[in-house]
Structures are given as structure tokens and as C-alpha cells.
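> Next up is a structure, given as C-alpha cells.
There are 2 protein chains.
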Amino acid sequence: MSAPASIDEFRIRLAEVTDTLPKRLRQCAEFIAANTDRIAVSTVAELAVGADVPPSALMRFCQILGFSGFTEMQRLFREAYSPGWPDYGTRLKNLKENGAGSPAALLAEFVEAGRLSLEQLAKSADEAALSQAAAQLAGAETLHVIGLRRAYPVASYLTYVFEKMQVPAMLHDGVGKLDHRHALRKGDACVAITFAPYSDETLALAADAQARGLPVIGITDRLTSPLARLSATVLTVPEVDFGAFRSLSATLALSIALAVAVGTAREG
Amino acid sequence: MSAPASIDEFRIRLAEVTDTLPKRLRQCAEFIAANTDRIAVSTVAELAVGADVPPSALMRFCQILGFSGFTEMQRLFREAYSPGWPDYGTRLKNLKENGAGSPAALLAEFVEAGRLSLEQLAKSADEAALSQAAAQLAGAETLHVIGLRRAYPVASYLTYVFEKMQVPAMLHDGVGKLDHRHALRKGDACVAITFAPYSDETLALAADAQARGLPVIGITDRLTSPLARLSATVLTVPEVDFGAFRSLSATLALSIALAVAVGTAREG
DNA sequence: GACGCTATGGAATAAAAATTCCAAAACAGG
DNA sequence: CCTGTTTTGGAATTTTTATTCCATAGCGTC
Numbered sequence: 207m208s209a210p211a212s213i214d215e216f217r218i219r220l221a222e223v224t225d226t227l228p229k230r231l232r233q234c235a236e237f238i239a240a241n242t243d244r245i246a247v248s249t250v251a252e253l254a255v256g257a258d259v260p261p262s263a264l265m266r267f268c269q270i271l272g273f274s275g276f277t278e279m280q281r282l283f284r285e286a287y288s289p290g291w292p293d294y295g296t297r298l299k300n301l302k303e304n305g306a307g308s309p310a311a312l313l314a315e316f317v318e319a320g321r322l323s324l325e326q327l328a329k330s331a332d333e334a335a336l337s338q339a340a341a342q343l344a345g346a347e348t349l350h351v352i353g354l355r356r357a358y359p360v361a362s363y364l365t366y367v368f369e370k371m372q373v374p375a376m377l378h379d380g381v382g383k384l385d386h387r388h389a390l391r392k393g394d395a396c397v398a399i400t401f402a403p404y405s406d407e408t409l410a411l412a413a414d415a416q417a418r419g420l421p422v423i424g425i426t427d428r429l430t431s432p433l434a435r436l437s438a439t440v441l442t443v444p445e446v447d448f449g450a451f452r453s454l455s456a457t458l459a460l461s462i463a464l465a466v467a468v469g470t471a472r473e474g
Numbered sequence: 207m208s209a210p211a212s213i214d215e216f217r218i219r220l221a222e223v224t225d226t227l228p229k230r231l232r233q234c235a236e237f238i239a240a241n242t243d244r245i246a247v248s249t250v251a252e253l254a255v256g257a258d259v260p261p262s263a264l265m266r267f268c269q270i271l272g273f274s275g276f277t278e279m280q281r282l283f284r285e286a287y288s289p290g291w292p293d294y295g296t297r298l299k300n301l302k303e304n305g306a307g308s309p310a311a312l313l314a315e316f317v318e319a320g321r322l323s324l325e326q327l328a329k330s331a332d333e334a335a336l337s338q339a340a341a342q343l344a345g346a347e348t349l350h351v352i353g354l355r356r357a358y359p360v361a362s363y364l365t366y367v368f369e370k371m372q373v374p375a376m377l378h379d380g381v382g383k384l385d386h387r388h389a390l391r392k393g394d395a396c397v398a399i400t401f402a403p404y405s406d407e408t409l410a411l412a413a414d415a416q417a418r419g420l421p422v423i424g425i426t427d428r429l430t431s432p433l434a435r436l437s438a439t440v441l442t443v444p445e446v447d448f449g450a451f452r453s454l455s456a457t458l459a460l461s462i463a464l465a466v467a468v469g470t471a472r473e474g
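Chains as they are written, first to last, in our numbering: chain A, 207 to 474; chain B, 207 to 474.
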């Protein structure tokens, strides 16, 4: 079997071979697949540490791929190497100027929007409100999560994370227009997520929860949102829109942080 | 004189020093200035040949710049090559050791993880595959989207965006274990999203679509994923995990870009 | 043209890296 | 539970690479 002559060939060979490999060699394959870009600038020993295998396993892995050894594999990547760091700002600008509307240009836009959102979130986050929200949720029994339309991905992920952390959580997803509002019980708490244009169903559930005396944590876009009036604690997320769509990066980051904080607090 | 601590500092030092150097050392300086990007992936001998000087001259040159030797200079460039990963690991460890667990600290971590993911996505995205995927989806009738567990938020948002752009799309969400595989019709296409540990249902639907001859667009974490074999086009996303959870920022950015590209292509 | 200084090339050495090999462990099949 | 096979880890070895050192060449000055 001969050595891959290009990085594409390398990738194909890697994909072909991975399934057939035993444990340690598969670790190599997976680490290499996830860190292909570091091959050019690393030593066998460094990569072995990263993959958590002995160096000899990595050598075997190179040979299975068809190379005579690590050196030959590395040569492939060193020759193809062209660093990203003349910087990605220019690259982004190029994209915008040239192929506007091309999928790659769109991707650059959404990446940029996401980065901005995250940056703003880091700057503007209300840490006190976040802690308070975490405390309220940690003290509750079942958590009810609602978020529809574009907030739905956030609500579903939040529920997923709660479940993974063994926090009892219920996603109010409106499937079949079934209304689970009577599942709201004393001692529970509610997380409601909605952005302009605010979803009536979400506001209705939040209002219901509030009426029953449950603490409502609102995740929304601004303090003047109708959700704010219904919430015990409001978390605002400065999401940057691109076109009609928001990246949700910041909203998700905030939500997961909240969920993990709650999960850890309840374990302790 | 101490070693430059960043590539900017390196450039400044190099510019300062070049004029004062004798012939051979100036050759080094000029060659290095013109081939800064090769430092990370070359040996002393190779660079010396390129600059047309003996290796010892290059060594002296490194020392004049303030480094202890070539190795130290090279390290600067090897590390700068992918600044994201090396210190992410340490940061995470620091967090665990220090005041970890506070909601604000968690938030900072997820913001950082998201930012890194987006950065890597911008660098590593396979633009050809993205265009190809967009073209395949634009040419299809109904789009079938599947993604379960932690990929579910992505799948649901993708479907939302498709709907908003008036692209007929169907979300296979597994509600009630109802299986909608027979909704896959000739002329349709399928978007499947799954990350390790890969969801059987997602793979099954992708396989089914492939068997019926529909183009499958796979969104997954690595090229060696089982989804790759079932897909006409594979898009990989280098998501940075924090603890057991991924930020999804990069995955979402990629997905929305894809959806918007498809939407615009179909309008035209 | 001789003297002192700096610059240079190359050979010698030290350090680090890659690669091989073998004994032990894990594993599958009978 | 034993037996033959595959997989594994690590130590030994080889190769490559970086680094040092010194003799010599060049060059300006007196």
C-alpha cells in the first residue's frame, strides 16, 4: 500500500481505515482527524501525548496509513502548510468583497455575527442576575422550559443539558397544541425564552407560572421586553442579527452556563 | 537582550537589526523576512540552503535576534500557528482548580469555547464542500432534516430557517417514535446531523435516504464519522467542548449559512 | 604590508527526535 | 481454561537536527 500523495487522499484513507482499527490505533486516528492542522508543527511525542497513546502506537498508525513513518507523513503536511495567520480579518474582507452571497461569504458573515454576539455577552453579562437565576433554579423541583420558534433550539438544548445533569426538566414544546400548563406545580420553576416578535404562548406560560407563584427566569433580548414584567429574574442577550437570522451563539452560551451552574449546585 | 515574545515583536526586532548586519547575516535576515511562514515547518539546514548561508550563520542570526537558538525561535512560530488550543487546555484546568463553578466563570468559559469554535470554523471550513452542499439542496424538492439529542437544536433551527425562506423542509424529530422515512421521495434531499456518540436513528435515516438515491448532506464532527460514509457531501465542524457540552456556535453558524445559501439559490 | 579585529565556514559534539524491536498483556476461539 | 493471535508499551537504537567551537579568511587601519 502506497502513501497518500495529497491531503485529500490522506483524509480518504483515514476515513476508510478508522473503523477497522483497534482501540489505541483508533485513538490515534481520531486525534489526528481532529488535529490535522497540528501535524506539520508537532513531534511524534507531542502528538502521542495529545492522543494519549505511546509514541510507538503513533508510528504504527502512520505506517498503517501507508507512510514509511511519521517523517514522511509530516512532510506531506509541511509542504502543504500555509499558515492562516496573515490573519483572518483580511480573509473575511476579501470574502465580503469578492464572492458576496456565495456560501463561503455567508458563512464568514455568520461566524462574525456569532463572534460579536459572544464578545458583547462577555462584556455586558449581568453576573448578579445570572447567579440569582442559578440559585432560584437550583432550589426548585422540576424545571419547566419554554421557547418557541427561533427560541426553540435554545429551549431544547437547555432541556437536554438539564437532563444530562440529572435535573428534572420538562420542555413545553407545543407539540399537538397540547398544553401542559397544569404540570406547573408548587416548588417548580420556569425558564422562558423569547425574542421580538415575542411568542404569545411563551408569554402565556410565563404569566401562568408567575400567577402560581413560581419563580420565572426570563431569557430575552432587552429589559423592556414583555417577558421582563413576568419574570423574577431577567437575563438579556445582545444577539447580533445577520439578515433576518440570529446566530444564537450568545443565547446558547448563556443558557448552557446557566444549566451547568444549576446542575453543579444541585449535586453539591 | 531578551527574546521576542510575539510575532509582532519579532518583526520589529528584525527590522531594527537588519541594517546593522554584515553580509551573511543580512542574507539570513532578508530570507527570513520573506519566508517568515516557513520557520515553523523547516529545519535549520533547509532555511540555510534557502538563504544560501551555512547553518552556523543562521544560528548566529537567531541569537542576534535574542533567542537562545533556532529551537526557541521556531517555538514562537509553532505556537502562534494555532493559538487557540494550547492555552485552552490550561485555561480549563486553571478554572477547575481556582474559583470554578461560579456561574460567571462558567459563562466566560462557554463564551470562550464558542469563540474558539467559530475561529476554527472560519479557518478550517471546506468551502468547496459547502458550495456543493448548497447546490445539492437547492436542486432538491423537499428537504428532510434529522438531528437528535444534542444535534436536535441545530436540526430544529435549520428547519426553522428553511421554513422562513419558503423552502419546504421536514424535521424528523422522532416524536412518538413515529417514523417518517417513507416521506423521503425521489427528488428530495436529506440533511443529517450527528456527533459522537452518533445517534443510530440519524444514521439509519441517512442510510435510508442514500439507499433511495437521495443526496445526503452530513454535518458531523470528523471525517471519520460513520455519517461520512452515508453522505454525498460531508461538512465537518470543529466544535470545542467544555466539559461534556458543546457550544454549538460553530455548528449553528455553518447550518444557517447553508440554509440561507440554499434559500437564496432557490429564489433566483 | 603588518596588525588587530570581525565575520565566516565547516567539522565536531550534543541533544532531540524518529524508528525499531521485543516481551508482556489482552483477546478470541476452541 | 488453555492456545494461538493480535495488540500494546516501553526501552534500545538509529537517524536527524541543533548547536558549539575553532581555524581561517576578509577587511580596515596604521
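Glycine is no exception: its CB is placed at the ideal position from the N, C-alpha and C atoms.
Who are the near neighbours of L327(B) in its chain, counting only those whose CB is closer than 7 Å to its CB and skipping five residues on each side?
Working through the second sequence from its first residue, we reach residue 327(B) at position 121. Excluding positions up to five away in sequence, the list reads V443, P444, A456, A459, L460.
> Would you give the residue range spanned by the alpha helix (DSSP H) that G256(B) belongs to?
Here residue 256(B) is taken as the residue at index 50 of the second sequence, counted from 1. Per DSSP, G256(B) belongs to the alpha helix (DSSP H) from 250–257.
> Name, please, each residue of chain B whose Cβ falls closer than 7 Å to the Cβ of V381(A).
Indexing the first sequence from 1 puts residue 381(A) at position 175. Within 7 Å Cβ-Cβ: V381.
> Are there three or more Cβ pairs, one per stretch, closer than 8 Å when the segment 394–413 of chain A is compared with the segment 356–372 of chain A?
yes
> Have a look at S208(B), V468(B), R472(B) and flag the residue whose alpha-carbon is nearest the alpha-carbon of I423(B).
Along the second sequence, one-based indexing puts residue 423(B) at 217. The option with the nearest alpha carbon to I423(B) is V468(B).
> In chain order, what residues of the segment 349–368 of chain A put their CB closer than 8 Å to some CB of chain B?
R355, R356, Y358, P359, V360, S362, Y363, Y366, V367
> Suppose contacts are defined by Cβ-Cβ distances below 8 Å. Is L436(A) in contact with A412(A) by that definition?
On the first sequence, residue 436(A) is found 230 positions in, with the first residue counted as 1. On the first sequence, residue 412(A) is found 206 positions in, with the first residue counted as 1. Yes, these two residues count as a Cβ contact at 8 Å.
> Between the segment 402–409 of chain A and the segment 327–347 of chain A, do at least 3 Cβ pairs fall closer than 8 Å?
no
> Give me the Cα-Cα distance between N304(B) and E315(B), rounded to the nearest whole angstrom.
Within the second sequence, residue 304(B) is the residue found at index 98, counting from 1. Within the second sequence, residue 315(B) is the residue found at index 109, counting from 1. Summary for N304(B): the model assigns pLDDT 48, below 50, so the residue's position carries little reliability; its value from the coordinates is reported in the next sentence. Roughly 13 Å separates the two Cα atoms.
> Output, in chain order, the set of chain B residues within a Cβ distance shorter than 7 Å of F316(A).
Counting from one through the first sequence, the residue named residue 316(A) turns up at place 110. Simply A459, I462, A463.
> Which bits of chain B does T224(A) rub up against, with CB to CB less than 7 Å?
On the first sequence, position 18 is the one that residue 224(A) refers to. In chain order: T430.
> Can you find a C-beta in chain A that's less than 8 Å from the C-beta of V443(B)?
Counting from one through the second sequence, the residue named residue 443(B) turns up at place 237. Not closer than 8 Å to any Cβ of chain A, the Cβ of V443(B) fails to qualify, so no.
> Got a sec, what are the start and stop residues for the beta strand (DSSP E) A331(A) sits in?
Against the first sequence, residue 331(A) aligns to sequence position 125. No beta strand (DSSP E) contains A331(A), which DSSP labels as neither H nor E.
> Would you mind working out which of G380(A), T242(A), G320(A) sits nearest L454(B), comparing C-alpha positions?
As a first step, residue 454(B) is located in the second sequence; it is residue number 248 there, counting from the start. Cα-wise, what sits closest to L454(B) is G320(A).
> Which one of V223(A), P374(A), A211(A) has the shortest CA to CA distance from R284(A)?
For the purposes of this step, residue 284(A) is taken as residue 78 along the first sequence, with counting starting at 1. When each option's Cα is compared against that of R284(A), the closest is A211(A).
> Looking at the C-beta of Y404(A), does it have a partner C-beta in chain B at a distance below 8 Å?
The residue given as residue 404(A) occupies position 198 in the first sequence. Not one chain B Cβ lies under 8 Å of Y404(A).
> For F451(B), would you say it is in contact with chain A, using Cβ-to-Cβ distances shorter than 8 Å as the test?
Along the second sequence, one-based indexing puts residue 451(B) at 245. True, the Cβ-Cβ gap to chain A drops below 8 Å.
> Should D293(B) go down as buried or exposed, given a rule of 16 or more other Cβ atoms within 10 Å for buried?
Here residue 293(B) is taken as the residue at index 87 of the second sequence, counted from 1. With a pLDDT of only 40 at D293(B), under 50, the local geometry of the prediction cannot be trusted, and the value read off the model is given with reservation. Flag for D293(B) reads exposed.
> Taking only beta-carbon atoms, is R219(A) less than 8 Å away from chain B?
Counting from one through the first sequence, the residue named residue 219(A) turns up at place 13. No, no contact with chain B.
> Using a Cβ-Cβ distance under 8 Å, would A346(A) count as near chain B?
Within the first sequence, the letter at position 140 stands for residue 346(A). Not one chain B Cβ lies under 8 Å of A346(A).
> Would you kindly report the start and end of the unbroken alpha helix (DSSP H) that includes L464(B)?
Sequence index remark: in the second sequence, residue 464(B) carries index 258 (1-based). Per DSSP, L464(B) belongs to the alpha helix (DSSP H) from 455–473.
> Please return the same chain residues whose Cβ sits closer than 7 Å to the Cβ of G256(A), not counting the five positions on each side in sequence.
In the first sequence, the residue the question calls residue 256(A) occupies position 50. Counting only Cβ-Cβ distances below 7 Å, and skipping sequence neighbours, we find F237, N241.
> Are M376(A) and V351(A) close, meaning C-beta to C-beta below 8 Å?
What you label residue 376(A) is simply residue 170 of the first sequence in a count that begins at 1. What you label residue 351(A) is simply residue 145 of the first sequence in a count that begins at 1. Cβ distance < 8 Å, so M376(A) and V351(A) count as in contact.
> Within 8 Å of any Cβ in chain A, is that where the Cβ of R284(B) sits?
For the purposes of this step, residue 284(B) is taken as the residue at position 78 of the second sequence. Yes, R284(B) lies at the interface with chain A (some Cβ there is under 8 Å from its Cβ).
> Residues bridged to C396(A) by DSSP?
The residue given as residue 396(A) occupies position 190 in the first sequence. H350(A), V422(A), per the DSSP bridge assignment.
> Is W291(A) close to chain B, meaning its C-beta is less than 8 Å from at least one C-beta of that chain?
As a position in the first sequence, residue 291(A) is number 85, starting the count at 1. A caution first: W291(A) carries a pLDDT of 47, below 50, which makes its placement in the model too unreliable to give a value.
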